[in-house]
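Enquirer:
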Amino acid sequence: MKAKYLMTALLAAAMAVPALYAAEECDMEKPPVERKEMKRRPPMRGPRNFQRPSREVMEAVKAYKENPTAENKAKVKTLLEKEYDARIKKEEQRISEMKTKKAENIEKRLERILKAGERPPRDRQK
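According to the working numbering, the sequence shown holds residues 1494 to 1619 in order.
Here it is, written out as structure tokens:
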């Protein structure tokens, strides 16, 4: 039995020597690797509520920096309040839309949760 393993090891070593010798002499280049083209991601954006000031505000700020008076500062403040009120109005509209669709969304979610074969949501309280 030992002779069988000894012969197998000897033959394997004898076959490995020419293969290693040929590999050293051969100047074969590796085949080129095809790389998948990666999709470009959009640039990272700030928080959802972040919004750049409008051109009007930037012009008012520029005027304030050139001539820092209380009148120019008040103008910048009123323009900022105007933008902020517009943002609040937009969010209020979104909330009112959510309230009108509340019952419909609850029904859809209820059907998904109660559907056969679906796991119930985990209890997150520990």
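Ideal Cβ positions, reconstructed from N, Cα and C, are used throughout, including at glycine.
Three Cβ pairs or more, each shorter than 8 Å: is that satisfied between the segment 1572–1588 and the segment 1545–1561?
Expert: yes
Enquirer: Identify whether residue 1590 lies in helix, strand or coil by the three-state DSSP scheme.
Expert: helix
Enquirer: To which residues of the same chain is residue 1599 closer than 7 Å at the C-beta, ignoring the five residues directly before and after it?
Expert: none
Enquirer: Is residue 1511 helix, strand or coil when you go by DSSP?
Expert: helix
Enquirer: Could you give the DSSP three-state label for residue 1562: helix, strand or coil?
Expert: coil
Enquirer: Rounded to a whole number of angstroms, what is the C-alpha to C-alpha distance between residue 1591 and residue 1608?
Expert: 24 Å
Enquirer: Between which two residues does the alpha helix (DSSP H) harbouring residue 1605 extend?
Expert: 1595–1607
Enquirer: Give the DSSP-derived three-state secondary structure of residue 1549 in the structure shown.
Expert: helix
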